[in-house]
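There are 2 protein chains.
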Amino acid sequence: MEKKKRYFLAEEDIPRYWYNIQADMVNKPMPPLNPATKQPLKPEDLYPIFAEELSRQELNQTDAWIEIPEEVREMYKYYRSTPLVRAYGLEKALGTPAHIYFKNESVSPIGSHKLNSALAQAYYCKKEGVTNVTTETGAGQWGAALSYAAKVFGLEAAVYQVKISYEQKPYRRSIMQTFGAQVTASPSMSTRAGKDILTKNPNYQGSLGTAISEAIELARTTPNCKYTLGSVLSHVTLHQTIIGLEAEKQMEMAGEYPDIIIGCFGGGSNFGGICFPFMRHSIKEGKKTRYIAAEPASCPKLTRGHFQYDFGDEAGYTPLLPMFTLGHNFAPANIHAGGLRYHGAGVIVSQLLKDGLMEATDIQQLESFDAGCLFAKAEGIIPAPESCHAIAAAINEAKACKESGEEKVILFNLSGHGLIDMAAYDQYLAGNLTNYELKDEDIQHNLDEIKDL
Amino acid sequence: MEKKKRYFLAEEDIPRYWYNIQADMVNKPMPPLNPATKQPLKPEDLYPIFAEELSRQELNQTDAWIEIPEEVREMYKYYRSTPLVRAYGLEKALGTPAHIYFKNESVSPIGSHKLNSALAQAYYCKKEGVTNVTTETGAGQWGAALSYAAKVFGLEAAVYQVKISYEQKPYRRSIMQTFGAQVTASPSMSTRAGKDILTKNPNYQGSLGTAISEAIELARTTPNCKYTLGSVLSHVTLHQTIIGLEAEKQMEMAGEYPDIIIGCFGGGSNFGGICFPFMRHSIKEGKKTRYIAAEPASCPKLTRGHFQYDFGDEAGYTPLLPMFTLGHNFAPANIHAGGLRYHGAGVIVSQLLKDGLMEATDIQQLESFDAGCLFAKAEGIIPAPESCHAIAAAINEAKACKESGEEKVILFNLSGHGLIDMAAYDQYLAGNLTNYELKDEDIQHNLDEIKDL
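Each protein sequence line maps, in turn, to chains A and B. Under our numbering, read the first sequence as residues 140 to 592, first letter to last. Under our numbering, read the second sequence as residues 140 to 592, first letter to last.
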């Protein structure tokens, strides 16, 4: 079979169903709990915050395949399939016998994979008569995606952007505003949750957990307004499986099957998105594939966190979720990979990690930018700081192949480009970036605070 | 035929030849002249500055098809074909019966069409034993492309970036530096040309003409270093015909043929790139197609300039070129479309305009951003300020179709995305951008200065 550089699917071959791994998991994720009653949640309990169909998808543990609505598929066709790229340039730069492929989600109009779920969430909201949507955003990738998706389906969007990203990446704010969204730096004085946090710590630079609290509060207090989330939740990961489902067909076109699949890890949606469709073959057919989540060393919920029930947000507005967590009060260091600054992991990936079906590795900030710059020079694409973590992990595996002489097939998800993150690259090039060493006692301190949840 | 949203070519259908319209023109461009002797230039005269093969391509008026070297084709395969997109969203937003298509060059790794020529120029330099390349850049799109292409072929790159863009778009500088290039704001004190200009006007914000002078001077005074240019010249436009050649095949896949083709206009290379392959059918078969160059109202060489011999740069280092020009001393207003701030038009497009084979329209800055924001909301892609001019012209034509009820087919080139230009969008959204009214006497003043060239 002739090897090409890029593989695309014909429009008619773009998948028509998302893959719900919950249906195939032997040990299902434990249920989210009502924090007051400690009773398992039903979909109805989520309706006040989320669109009803999204609430049902969230807790669906029986249907392996969920049909993608036609309106969403029509929008997917504007940028999907995204290319599967053989990274010959990176292979050459590393001198590795490994075959490295990446799924290039950075070519979506808004520059990342986030649009895959934003379109779905905005569509279901519109269909159910919602007029306003609200959300949080870290680096701004999700906020930009939701802002555009809201515009597509005629909804108003209000976005709480983590303050550190709002300041580090002002252009993401401009992008959201260009799409017509209202953008507020979080923590803000516009919500009870924001006020409480600012009162305690006036200089707090924000976190995804805080911004989530603010957005949920706005959704709760605004008529006809629903909250949407860019990662962590199972329905978000469900929508992202379009990445892996396409990649599966494209790897077949390339005549190879991945030995190792890697995604960067914030809440788990891009990781799950690329891995889960392949993982079904591991679960059902015993296919030997390694799945590696690459998380920042400064926010290491998978490698150093604890598996237990915890809140998904800072203020404790969400249900209790069974997750690997650093504690919902954990304040991550101000790394530039804003999208990975989240204290917990989604319930599906948490269960999979607990069951040994996947691995996790932590990457320091400098290593991530080393990898990003090497990739940029080799492949011409400047990766998002988040995606740099996946690249770093892929490089580590490719180097191991060089050591061992093994010709492994490595696939990673290039979740987004870093063109709005050039200030971070600037600081890296100027030698002003640092690593962050996290002490065990600091982690333990936060975990102690949640041990009775 | 079923209408799709995006059309791609299979890797094996990507064109293997560039199209050289000079061979088919009835009235060939007049020759460049040696400014001292006023004698027509031969390719050898250009060898001190340009790679030899590029010098030959520049003056080639006989071969209609120039083979794309295999090494360049291999690199094209990493991002080509670029998609041809049916802009259903924009059509709907305008309520026009017109069918609007755009060729999306913004998906190239560096975000614009510029890579098409950068790869070719870097390749020929490398092949001829050159070790260093230098160039100018306005908005930074070309500089970023050349920086990456230099890295691909193992060359060192030094880029003079127009000062206004260097300051307005610091992230483009970071991108070039990430690819390993040296970047200097122009005018600089590092060249005679820069010093002379800064002595006369210490606050001069630079122009492409000035940056070209500086880069040429560096190439002349550095061993084994060649100059490269991002537009204007005929060999650059030649390389960009890959855009139109692909679009021609893709329009055929869509089952349509364009009535109107539009490109924004700085020096002419993206415009010529998309138009010339179609124009050959107008020249040879009398096909009725309108070709519209969209230039900024503040730098209107096509609509208000004069056709005559002029220098291509500020300092007068280049040959004399027969071009529509505003005079090489023309200092364009500080519009955000930095790539269009050039005083002259390439010799081919100048001849074609003179002969009535194409048209030109001028677009004010605010109109261009109005169009860009409408397009962003409708199609999800934030266009480069340069490309906004093409979009504005396309919208004008689509509105005319709405008036007349005609179902015309409009094709424009989306030459690049605007993700590094968000500061400009910020100012637009804040109401801080202005139009620039150019007085006839100011144009005449500059033209008087060059009337004896």
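Positions of the beta carbon are idealized from the N, C-alpha and C atoms, including for glycine.
Span separating the alpha-carbon of residue i from that of residue j
i	j	result
T573(B)	I401(B)	24 Å
F241(A)	Y158(A)	20 Å
T442(A)	A523(B)	42 Å
A529(B)	N552(B)	7 Å
E267(B)	G319(A)	51 Å
A324(B)	A354(B)	11 Å
G557(A)	I521(A)	5 Å
W204(A)	A296(B)	51 Å
Y299(B)	K388(B)	37 Å
L592(B)	G293(B)	40 Å
K334(A)	I502(A)	33 Å
A149(B)	S220(B)	8 Å
T235(A)	E545(A)	9 Å
L368(B)	V375(B)	7 Å
P222(A)	F404(A)	21 Å
H445(B)	I207(B)	35 Å
H252(B)	Y564(B)	21 Å
L384(A)	F417(A)	8 Å
V486(A)	E213(A)	30 Å
V272(A)	A289(A)	8 Å
A283(B)	I249(B)	7 Å
K516(B)	S245(B)	16 Å
M140(B)	L550(A)	Because the pLDDT at M140(B) is just 48, under 50, the model does not fix this residue reliably, and the value given afterwards should be weighed accordingly. If I take the Cα positions, the gap works out to 36 Å.
M315(B)	E525(B)	19 Å
Proximity winner among the options, relative to residue i (alpha-carbon distances)
i	options	result
G279(B)	A289(B), P309(B), A288(B)	P309(B)
V224(B)	G557(B), F514(B), A531(B), I589(B)	F514(B)
I382(A)	G234(A), M392(A), I153(A), S329(A)	I153(A)
D163(B)	L496(B), C512(B), G369(B)	L496(B)
L577(A)	I336(A), P208(A), A472(A)	A472(A)
L258(B)	Y215(B), E395(B), E306(B)	Y215(B)
A484(A)	P416(A), L372(A), K516(A)	L372(A)
K143(B)	M390(B), D579(B), E183(B), F463(B)	M390(B)
N468(B)	T457(B), H475(B), E453(B), L460(B)	E453(B)
S489(A)	C512(A), L460(A), A517(A), L198(A)	L460(A)
F463(B)	I422(B), F415(B), L377(B), Y481(B)	Y481(B)
G455(B)	E356(B), Q161(B), E518(B), M392(B)	E356(B)
K547(B)	I413(B), C414(B), S247(B), E395(B)	E395(B)
Classification of residue i by the beta-carbon crowding that lies within 10 angstroms, buried from 16 upward
i	result
K426(A)	exposed
S194(B)	buried
G570(B)	exposed
Q178(B)	exposed
D449(B)	buried
N243(B)	buried
N255(A)	buried
T274(A)	buried
H584(B)	exposed
E183(A)	exposed
K365(B)	buried
G407(B)	buried
N342(B)	exposed
Interface flag, residue i vs chain B, CB-CB below 8 Å
i	result
D494(A)	no
E301(A)	Reading the sequence as shown, one finds Val at residue 301(A) and not Glu. Answer no: the Cβ-Cβ gap between V301(A) and chain B never drops below 8 Å.
Q196(A)	no
D152(A)	no
A515(A)	yes
V126(A)	No answer is possible for residue 126(A): it lies beyond the span of chain A, which begins at 140 and ends at 592.
L223(A)	no
Q321(A)	no
Neighbour flag for residue i against chain A, beta carbons, 8 Å
i	result
M392(B)	no
M561(B)	yes
R145(B)	yes
S313(B)	yes
**OP:** Say whether the segment 499-509 of chain A touches the segment 320-339 of chain A, bearing in mind that this needs 3 or more beta-carbon pairs closer than 8 Å, one atom from each stretch.
**Re:** Contact fails: fewer than three Cβ-Cβ distances are below 8 Å.
**OP:** Flag this pair as touching only if the segment 233-240 of chain B and the segment 530-540 of chain B have three or more C-beta atom pairs under 8 Å; answer yes or no.
**Re:** Yes, they touch.
Subject >> Inter-stretch contact (C-beta, 8 Å, three-pair minimum) for the segment 349-363 of chain A and the segment 170-179 of chain A >> reply: At 8 Å Cβ cutoff, the stretches do not touch.
Subject >> Sufficient close CB pairs (3 or more, under 8 Å) joining the segment 558-571 of chain A to the segment 431-441 of chain A >> reply: Segment contact: the segment 558-571 of chain A against the segment 431-441 of chain A, fewer than three CB-CB distances shorter than 8 Å; contact not assigned.
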